[in-house]
Amino acid sequence: MGNVQIRLSMFPINLNQLRFTPNGRAVLTGVDLELGGEGISVILGPNGSGKSVLIRMLAGLEMPDAGSIHWQGSNAPEGQIAIVFQHPMLLRSTVTANVALGLRPLGLSRCETVKRVNEVLGRVGLTHRAKDSARFLSGGERQRLALARAWAVRPRLLLLDEPTAALDPTATEAVEQIVREIRTDGAKIVMSTHNLGQALRISDDIIFIEAGRVREHTPSARFFSRPHSNEARLFMQGELPWRISFGD
Ligand SMILES: Nc1ncnc2c1ncn2[C@@H]1O[C@H](COP(=O)(O)OP(=O)(O)OP(=O)(O)O)[C@@H](O)[C@H]1O
Ligand SMILES: [Mg+2]
Numbered sequence: 001m002g003n004v005q006i007r008l009s010m011f012p013i014n015l016n017q018l019r020f021t022p023n024g025r026a027v028l029t030g031v032d033l034e035l036g037g038e039g040i041s042v043i044l045g046p047n048g049s050g051k052s053v054l055i056r057m058l059a060g061l062e063m064p065d066a067g068s069i070h071w072q073g074s075n076a077p078e079g080q081i082a083i084v085f086q087h088p089m090l091l092r093s094t095v096t097a098n099v100a101l102g103l104r105p106l107g108l109s110r111c112e113t114v115k116r117v118n119e120v121l122g123r124v125g126l127t128h129r130a131k132d133s134a135r136f137l138s139g140g141e142r143q144r145l146a147l148a149r150a151w152a153v154r155p156r157l158l159l160l161d162e163p164t165a166a167l168d169p170t171a172t173e174a175v176e177q178i179v180r181e182i183r184t185d186g187a188k189i190v191m192s193t194h195n196l197g198q199a200l201r202i203s204d205d206i207i208f209i210e211a212g213r214v215r216e217h218t219p220s221a222r223f224f225s226r227p228h229s230n231e232a233r234l235f236m237q238g239e240l241p242w243r244i245s246f247g248d
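Numbering (the numbering used here), first residue to last: 1 to 248.
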């Protein structure tokens, strides 16, 4: 029960006037955002708008030049955040070893480690590849392995930076299904994508970022029927292969 209290206490996460200006270049120019502890938030925005930087900052991999990230109840939630990139870094070892490596910092018993590895490999459909080298996996399998490695640590916050950018529709669908299951398991998901169909299928809310600023943060249904920022409308009109009008 005490553990549950700790796990719930990191939300909401408040980002206040986050700025990132490497070598004086304005990359994030003042990001204000509140992230609740439930659901799947999808970050949309043009190339170079700052989506990956924002995700890396949430993971603690990049430090802001100004502003703050306030985690409710704690300053640095350790072991509760996992991140998966477009091209996952995998060990040149077995599928099993890759998942077990992610668990090492948790200091679990050998028995618990084996149990968790087997469980997540089953859930991502890789049990039959457990003893194979990760080098020989397809792109879709590699991404499922990366998700398994993240899922095994039972993160409270899972960050995904364009996890399906290099995948075909079938592999993409498999990843989306896994992400939904991780959400159902109780993780908050924050994910970037350039795939508007995916954003529509999977998101509860949309964070639209443009030129280093959050232009809107809107429930998904509302965003796709009528985004309220002009920047988001122009972005959607540019991304979709057909003309779209939002009724004005
Ligand atoms: N450490 C850094 N030093 C200097 N510039 C950086 C650094 N990290 C990111 N940038 C720059 O910040 C801008 C935003 O980068 P970011 O990778 O966040 O964009 P993005 O929205 O993820 O784009 P994409 O859709 O192409 O993935 C880019 O112009 C990038 O070159
Ligand atoms: Mg990016």
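Glycine is no exception: its CB is placed at the ideal position from the N, C-alpha and C atoms.
What does the shell around ligand 2 hold, if a residue joins when its beta-carbon is under 7 Å from any heavy atom? LYS51, SER52, ASP161, GLU162, SER192
Hey, would you say the C-beta of GLY48 is under 7 Å away from at least one heavy atom of ligand 1? Against the sequence shown, residue 48 aligns to sequence position 48. Within the cutoff, so yes.
Report buried or exposed for ASP268, applying the criterion of at least 16 other Cβ atoms within 10 angstroms of its Cβ. There is simply no residue 268 to check, as the chain begins at 1 and stops at 248 in what is shown.
Nearest chain B C-beta to ALA150 closer than 8 Å, yes or no? The structure shown contains no chain B; it is built from a single protein chain.
Touch check for the stretch 63-83 and the stretch 124-143: three-plus C-beta pairs under 8 Å? no
Under the three-state DSSP convention, the category LEU15 falls into: For the purposes of this step, residue 15 is taken as the residue at position 15 of the sequence shown. Strand, per DSSP.
Would you mind stating whether ILE81 and ALA59 have Cβ atoms separated by less than 8 Å? Here residue 81 refers to the residue found at position 81 of the sequence shown. Here residue 59 refers to the residue found at position 59 of the sequence shown. Their beta carbons are under 8 Å apart, which means ILE81 touches ALA59 by this criterion.
For ASN3, count neighbouring C-beta atoms within 10 Å of its own C-beta (all shown protein chains included) and say buried if the count is 16 or more, exposed if not. As a position in the sequence shown, residue 3 is number 3, starting the count at 1. In this prediction, ASN3 scores a pLDDT of 43, lower than 50, which makes its location untrustworthy; no coordinate-derived value is stated.
Could you check whether the Cβ of VAL190 sits closer than 7 Å to any heavy atom belonging to ligand 1? For the purposes of this step, residue 190 is taken as residue 190 along the sequence shown, with counting starting at 1. Checking every heavy atom of ligand 1 against the Cβ of VAL190, none is found closer than 7 Å.
Just list the beta strand (DSSP E) runs in the stretch 137-197, keeping only unbroken ones of 3 residues or longer that don't cross its boundaries, in chain order. 157-161, 188-192, all fully within the stretch 137-197.
Do ARG149 and VAL114 have their C-beta atoms closer together than 8 Å? Position 149 of the sequence shown, counting from 1, holds the residue named residue 149. Position 114 of the sequence shown, counting from 1, holds the residue named residue 114. The answer is no: Cβ separation not under 8 Å.
Reference VAL42; option with closest CA among SER225, THR218, LEU18: Along the sequence shown, read from residue 1 onward, the residue named residue 42 stands at position 42. Considering only alpha carbons, the answer is THR218.
Where VAL124 falls: helix, strand or coil (DSSP): In the sequence shown, counting from the first residue as 1, residue 124 sits at position 124. Here VAL124 sits in coil by DSSP.
By how many angstroms is the C-alpha of LEU103 removed from the C-alpha of ILE46? Position 46 of the sequence shown holds residue 46. Position 103 of the sequence shown holds residue 103. In the sequence as displayed, the identity of residue 46 is Pro instead of Ile. Looking at the two C-alpha atoms, the distance is approximately 35 Å.
Cβ neighbours of TRP151 in the same chain (closer than 6 Å, five flanking residues each side left out): The residue given as residue 151 occupies position 151 in the sequence shown. Answer for TRP151: VAL120, ILE182, listed in chain order.
Taking just the CA atoms, how far does ILE55 sit from LEU18? For the purposes of this step, residue 18 is taken as residue 18 along the sequence shown, with counting starting at 1. For the purposes of this step, residue 55 is taken as residue 55 along the sequence shown, with counting starting at 1. Taking the straight line joining both Cα atoms gives about 12 Å.
If you count every other CB in all the chains shown that lies within 10 Å of the CB of ASP185, and 16 or more means buried, which is it? Translated into the one-based positions of the sequence shown, residue 185 becomes position 185. Exposed, because fewer than 16 other Cβ atoms sit within 10 Å of the Cβ of ASP185.
Could you have a look at PRO105 and say whether DSSP puts it in helix, strand or coil? Translated into the one-based positions of the sequence shown, residue 105 becomes position 105. Helix at PRO105.
C-beta atoms of ALA211 and SER49 nearer than 8 Å: Numbered from 1 along the sequence shown, position 211 holds the residue referred to as residue 211. Numbered from 1 along the sequence shown, position 49 holds the residue referred to as residue 49. A contact, by the Cβ cut-off of 8 Å.
Proximity to PRO105 [Cα-Cα], best of THR127, GLN143, GLY79: Within the sequence shown, numbered from 1, the residue matching residue 105 stands at position 105. Measuring from the Cα of PRO105, the nearest candidate turns out to be GLY79.
Closest Cα partner of PRO77 within the set VAL124, PRO12, GLU173, PRO227: On the sequence shown, residue 77 is found 77 positions in, with the first residue counted as 1. Ranking VAL124, PRO12, GLU173, PRO227 by Cα distance to PRO77 puts PRO12 first.
Endpoints, the alpha helix (DSSP H) within which GLY238 is located: For the purposes of this step, residue 238 is taken as the residue at position 238 of the sequence shown. Start and end: 230-239.
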